[in-house]
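Numbering (this note's numbering), first residue to last: 1 to 179.
Right, dumping it as structure tokens:
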């Protein structure tokens, strides 16, 4: 996209007034996407490790964190909300995982608890570091993406603008019945 924008600018198809916001949007959203690679990869690896969270703790599971990380913000407020949510959920996931990963390993059926317990302890120890770190890393990525959205102007900051439909013959100001 940056190459296309620079080529269009060099050929005179776009002027400097429209090129600057477009370059800012493309640069910051691309940087945000590059920053997302590490937390998504780390969380994917953590979600593959046994034992897995049970269904009653679905919101704090690694698979759910992976789904949250892959969501893209559409407005600046979405980006800020997602950033805060990822930091908080990373800390909560780490805290909850300390006990839940160990207990999930102990609950392995058919006498496999002897193997599940050490795996649960290892996953809990790794998760204490990885879950909050990936939350912070993805929060940074979403914030950078939000900066890119500000280059879109009102649409990137407020989202899709809804317009009031006016009756035929109505004009901008007060005039009309009761006005």
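Ideal Cβ placement from N, Cα and C applies to all residues, glycine included.
Check	Outcome
Assign residue 49 to one of three DSSP states: helix, strand, or coil.	coil
Ordered along the chain, which non-local residues of its own chain (more than five positions away) have a Cβ less than 8 Å from that of residue 113?	105, 106 and 107
Go through its chain and collect everything with a Cβ distance to residue 79's Cβ below 7 Å, but skip five positions before and after it.	73, 142, 143, 145, 146 and 149
Note down the Cα distance separating residue 160 from residue 29, rounded to an integer number of angstroms.	18 Å
Along the chain, where does the alpha helix (DSSP H) containing residue 86 start, and where does it finish?	76 to 106
Candidates 16, 26, 20 and 9: which alpha carbon is nearest residue 1's?	26
DSSP three-state call for residue 110: helix, strand or coil?	coil
Is the Cβ-Cβ distance between residue 47 and residue 62 less than 7 Å?	yes
Should residue 10 go down as buried or exposed, given a rule of 16 or more other Cβ atoms within 10 Å for buried?	exposed
Nearest-angstrom Cα distance between residue 76 and residue 152?	10 Å
Quick check on DSSP: helix, strand or coil for residue 14?	coil
Just checking my contact of residue 90 with residue 135 at CB under 8 Å: how many whole Å lie between their CB atoms?	2 Å
Less than 8 Å between C-beta atoms, sequence neighbours within five positions excluded: which residues of the same chain meet that for residue 178?	Low confidence applies to residue 178: its pLDDT is 46, below 50, so where it sits in the model is not reliable enough to give any reading.
Please report the residue range of the alpha helix (DSSP H) in which residue 154 lies.	154 to 158
Would you identify the three-state DSSP class for residue 65, choosing helix, strand or coil?	helix
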